[in-house]
Amino acid sequence: MLAKIVFVLLSVLVMVAVGALADGHDKEMASALAGEDHDDHDHGHESHDDEAKKGCANNELCKKAFQTVLMSHDICEEEQLPLSLEVGLHVFEDKCEDVLCNSASEPFDPMAVECGTGNDAYEWAGTFNFSGDASHTWSMQAVGGKYADPAMRLVFIPTTDTTEGAIKTNEAKAVGMMTGTSCAVTKPGSTSKIEQGGSCFEMTVGSADDSEFTLDTTGISGVVIYAQHVPTEFERNRHYLYDSKSTDIEPVAQIPSGGGGGHDHGHDHDHGHGSEPCGCISKEFGFALDCNKTEVIQAAVNYLQDENCKNNKTPECIRNFYIFQAHHDFCAHDDLPPFNEIIFHAMEEHFDTCFIERQYNPKLSMCPPVNCEDKEALKKAVDEMYEHCEAPATPKDNGE
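So that you can map any letter, position 79 of the sequence shown is 203 in this note's numbering, and since no number is skipped, the others follow by simple counting.
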């Protein structure tokens, strides 16, 4: 019972603190964050010996659970994570900052990333094995009730070589087809045959939230696909390409190598789950990734608050959120100005995010390995964190 009382009190305290900090701008999201249901983390631990809850640094069970949760949060896809993991991490991350660990194995330059395809005619390309299946489906979905674009040109070139080299080998041909005048306009529900010499289709979305296009892939074992836009921009809860058995077909090779964020499915609000590398975003929006520039990070936070960016996503609001989010995900926890963590989680639901790993810290050990496919094990780690870690009594003071 004690555990439940602690977490209820914590929720109330966080709600009050967020409301004051947000100055009225973020109360709706702050309330949602603070009101997360922790009842399922009581687990009948009334008889648990509270003396065992000594905090993260002095409790090996707590330390292991927290580091497992942190590693999962940093490297797993959003849809692989239990809903309780994100909430739990933010409950304990201040308390357990002394036992942070590395999810990256060595230092890296966040600006040393491949941006785009190097060709203005297409934004993405990938190779796929079709395994002789005579029918495949290309899917385009509205996200938040709106499609990323009303149409997208796609070039399909059959190949037996599905290495990354095949993308460059066929590039000139694909660009000619994509920029030419013979790209067939296709509507949802139609069937289009991929010819051995290659085909171009201008797939035009319908009025429904889901637009699906059948591809006749008879006699084709592999293909290189060039897309005018990044396919994951059109994903909500369905992969952009699947076979006749509704099995997702993933690329063998793709450029950009990150594939525009991979299997995000519209839930980009976690470390590394955005649709484009933050290094590319920083170049596009004209800011540097520098954890020492706390004044720049704070200025971005202030702008988001002062301009009510949650409800007014102007280009400058988007730029400032990217500054905030990229540094939040990349920098060490104590590099960020105090109390901005809560503001971030009140804002993140309203913006797209970019992809970046947390920077390697030579003073920290590696986080324990995790299996992102084992959702039950991840949920167990969350439960153990609540069981063995002492919940913080109150949010950190922001100095005001």
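Every residue, glycine too, gets a C-beta built ideally from N, C-alpha and C. Since we're looking at a predicted model, the values are computed, not measured.
Nearest CA to the CA of residue i: which residue from the options?
| i | options | result |
| --- | --- | --- |
| Thr120 | Leu413, Val211 and Phe254 | The first residue shown for the chain is 125 and the last is 524, placing residue 120 beyond what the model contains. |
| Phe81 | Asp198, Thr283, Glu514 and Val193 | The structure shown does not extend to residue 81, since the chain is modelled only from 125 through 524, so no value can be given for it. |
| Ser323 | Ile281, Lys504 and Gln204 | Ile281 |
| Glu319 | Thr283, Ala332, Gly300 and Gly269 | Thr283 |
| His214 | Cys496, Glu497, Asn495 and Ile466 | Ile466 |
| Ile349 | Trp248, Tyr271, Ser316 and Cys402 | Trp248 |
| Asn495 | Ala272, Asn436, Ser196 and Ala332 | Ser196 |
| Gly321 | Met301, Leu209, Thr287 and Thr305 | Met301 |
| Asn444 | Phe409, His363 and Asp244 | Phe409 |
| Ile344 | Tyr366, Glu184, Asp372 and Lys317 | Lys317 |
| Ser331 | Asn464, Gly269 and Leu205 | Gly269 |
| Val263 | Glu357, Lys437 and Glu500 | In the sequence on display, residue 263 carries Ser and not Val. Per the Cα distances, Glu357. |
| Leu224 | Gly304, Gln191 and Asp244 | Gln191 |
| Glu326 | Lys292, Val267, Ile442 and Val279 | Val279 |
| Phe468 | Leu209, Glu201 and Ile421 | Ile421 |
| Asp244 | Lys437, Lys311 and Ala296 | Ala296 |
Apply the 10 Å Cβ neighbour rule to residue i and answer buried if 16 or more other Cβ atoms are within range, or exposed otherwise.
| i | result |
| --- | --- |
| Val354 | buried |
| Lys434 | buried |
| Lys250 | One point to set straight first is that residue 250 is Gly, not Lys, in the sequence displayed. Buried, because 16 or more other Cβ atoms sit within 10 Å of the Cβ of Gly250. |
| Ala189 | buried |
| Thr477 | buried |
| Ala505 | buried |
| Glu473 | exposed |
| Lys187 | buried |
| Asn182 | exposed |
| Tyr510 | buried |
| Thr286 | buried |
| Pro274 | exposed |
| Thr371 | exposed |
| Asn416 | exposed |
| Asn294 | buried |
| Pro375 | buried |
| Asn464 | buried |
Would you say residue i and residue j are within 9 Å of each other, going by their C-beta atoms?
| i | j | result |
| --- | --- | --- |
| Tyr446 | Phe479 | no |
| Val347 | Thr328 | no |
| Cys298 | Tyr246 | What sits at residue 298 in the sequence shown is Ala, not Cys. Yes, these two residues count as a Cβ contact at 9 Å. |
| Tyr427 | Glu419 | no |
| Phe448 | Ala470 | no |
| Leu339 | His451 | no |
| Val211 | Leu502 | no |
| Gln352 | Arg277 | yes |
| Pro493 | Pro234 | no |
| Lys369 | Asp257 | yes |
| Ser335 | Tyr271 | yes |
| His363 | Glu217 | no |
| Leu365 | Phe252 | yes |
| Leu185 | Lys499 | no |
Excluding five sequence neighbours on each side, which residues of the same chain lie with their C-beta closer than 6 Å to the C-beta of residue i?
| i | result |
| --- | --- |
| Leu207 | none |
| Gly313 | none |
| Glu508 | Ala189 |
| Leu133 | Only weak support exists for where Leu133 lies, its pLDDT of 41 falling under 50; the value from the coordinates is given anyway. Excluding sequence neighbours, Leu133 sits near nothing in its chain. |
| Glu497 | none |
Among residues of its own chain, excluding the 5 on either side of residue i, which ones have a beta-carbon nearer than 8 Å to its beta-carbon?
| i | result |
| --- | --- |
| Asn226 | Arg482, Tyr484, Asn485, Leu488, Ser489, Met490 and Cys491 |
| Asp147 | Confidence at Asp147 is low in this model, with a pLDDT of 40, below 50, so its placement is unreliable and the value that follows should be read with caution. Hits under 8 Å: Gln429. |
| Gly304 | Cys324 |
| Asp333 | Gln265, Ala266, Gly269 and Arg360 |
| Ser306 | Cys324 |
Please go through the same chain and pick out, in chain order, the residues whose beta-carbon is closer than 7 Å to the beta-carbon of residue i, but skip the five residues on each side of it.
| i | result |
| --- | --- |
| Ala412 | Ser406 |
| Thr315 | Thr338 and Asp340 |
| Asp367 | Asp257, His260 and Ile373 |
Comparing the CB of residue i with every heavy atom of the ligand ATP, is any distance shorter than 8 Å?
| i | result |
| --- | --- |
| Thr310 | As far as ligands go, the structure on display features none, and thus does not contain the ligand ATP. |
Runs of alpha helix (DSSP H) lying entirely within the segment 207-242, each at least 4 residues, in chain order: When DSSP assignments are scanned along the segment 207-242, the uninterrupted stretches of alpha helix (DSSP H) that are 4 or more residues long and fall wholly within it turn out to be 207-216.
What beta strand (DSSP E) runs, 3 residues minimum, are completely inside the segment 258-317? 259-265, 275-282, 308-310 and 315-317
Kindly provide the ranges of any beta strand (DSSP E) runs that are 3 or more residues long and lie completely inside the segment 442-519, ordered along the chain. none
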